[in-house]
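These notes are about the structure you will find just below.
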Amino acid sequence: MPRTAVVLSGGEGIRLRPITADLPKGLVKVGGKPLLQWVVEWLKANGVTNIVMGVAYLKEQIIDFFGDGTRFSVGIQYSVHTVAGGTSEGFRLAVDRYVEDQTFFALNGDQITDLSLKTMLAKHQKSETLSTIAVVHPRLPFGLVKVDKNDYCRGFLEKPVLKDVNISTGIYVFEGEIVEHLPRIGDIERTTFPSFQGWVRSMRLGTRDRSLRSIP
37 MPRTAVVLSG
47 GEGIRLRPIT
57 ADLPKGLVKV
67 GGKPLLQWVV
77 EWLKANGVTN
87 IVMGVAYLKE
97 QIIDFFGDGT
107 RFSVGIQYSV
117 HTVAGGTSEG
127 FRLAVDRYVE
137 DQTFFALNGD
147 QITDLSLKTM
157 LAKHQKSETL
167 STIAVVHPRL
177 PFGLVKVDKN
187 DYCRGFLEKP
197 VLKDVNISTG
207 IYVFEGEIVE
217 HLPRIGDIER
227 TTFPSFQGWV
237 RSMRLGTRDR
247 SLRSIP
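Sequential numbering of the sequence shown, starting at 37, is according to the numbering used here.
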């Protein structure tokens, strides 16, 4: 079981302004504690004790809050990248600087989940791919109205789960070779994964798993 995870928390959280005007997104409280604290505690519960945090916007506040991780019974190192560099720069620098494991976890640090990393790892190891992405059926934030050809309303669905669509949870298993495919800047979701057809597998979260991209 890999003990290392790279967690990115460098974005500006623009959609949360004015809250994030002077507070990094990772320190915005959800359920009484910072979002990133939920992430760290979930990683620890899954056996991950070596965390590399990729930080950029208002990074000093995150570093001051988590320190070396002792307070959370984990070890934390920090990799500084630029906001403009995106997730590709964030992951690439963090892995180059601090990750020695052949297989490791990587994630955007803006979700709350109870996904089992052990289960995800088992599926990844069977696939022999460079990456596995945890995916989930999204819940539409709006109600749907069924309309017939004559424009009569024939039914309503309140915030349905879209079972024919999968979205990324932002949680990955990576093989070390993936660094060779990360561009200097950009987001891996737009630059790396589209060119990886056949080399990326998905793990679909079941009904007993939950993953909430809780902060937009």
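By construction, the Cβ of each residue, glycine as well, lies at the ideal position given by its N, Cα and C atoms.
Own chain partners of residue i with C-beta closer than 7 Å, once the 5 adjacent residues on each side are dropped
i	result
Gly121	Ile221
Val213	Inspection of the sequence shows that residue 213 is occupied by Glu rather than by Val. Hits under 7 Å: Leu166.
Lys95	Val116
Asp184	Arg190
Lys199	His173
Met156	Thr168, Ala170, Val209 and Met239
Ser163	Arg237
Glu48	Thr56, Tyr93 and Val119
Proximity below 8 Å, CB of residue i to CB of residue j
i	j	result
Val209	His160	yes
Thr106	Arg39	no
Ala130	Val42	yes
Leu218	Phe127	yes
Glu211	Thr139	yes
Ile98	Leu63	yes
Straight-line Cα distance separating residue j from residue i
i	j	result
Ala92	Val119	6 Å
Met239	Gln113	28 Å
Asn202	Pro177	15 Å
Leu143	Glu194	30 Å
Val197	Arg175	4 Å
Val75	Gly67	13 Å
Val215	Val135	11 Å
Ser204	Ile169	7 Å
Gly83	Ser152	10 Å
Thr56	Phe229	29 Å
Asp223	Lys65	26 Å
Arg133	Phe141	15 Å
Trp78	Tyr188	48 Å
Leu52	Arg226	23 Å
Gln73	Lys182	41 Å
Lys69	Asp58	17 Å
Burial state of residue i, where buried means 16 or more other Cβ atoms lie within 10 Å
i	result
Pro252	Any reading at Pro252 is ruled out, since the residue's pLDDT is 40, under 50, leaving its predicted position unreliable.
Lys61	buried
Leu180	exposed
Ser109	exposed
Ala81	exposed
Thr243	At Thr243 the pLDDT is 43, less than 50, meaning the model places this residue with poor confidence; the figure from the coordinates comes in the next sentence. Thr243 is exposed by the Cβ-count criterion.
Lys125	It should be noted that the sequence gives Glu, not Lys, for residue 125. Buried, by the Cβ-count rule.
Asp146	buried
Ile50	exposed
Phe192	exposed
Residues bridged to residue i [DSSP beta-bridge criterion]
i	result
Gly90	Leu44 and Ser115
Gly191	Lys182
Val171	Ser204 and Arg240
Asn144	Leu44
Pro70	Lys65
Thr139	Glu211
Spatial neighbours of residue i in its chain, beta-carbon cut-off 6 Å, leaving aside the 5 residues before and after
i	result
Gly103	none
Asp245	Unreliable placement is indicated for Asp245, whose pLDDT of 42 sits below 50; the coordinate value is still reported in the next sentence. Same-chain partners within the cutoff: Leu151.
Gly90	Leu44, Gly46, Ser115, His117, Gly126 and Ala130
Asp137	Pro38 and Thr40
Ile207	Leu143 and Ala170
Spatial neighbours of residue i in its chain, beta-carbon cut-off 8 Å, leaving aside the 5 residues before and after
i	result
Lys154	Met37, Asn82 and Gly83
Gly111	Thr85, Asn86, Ile87, Asp104 and Gly105
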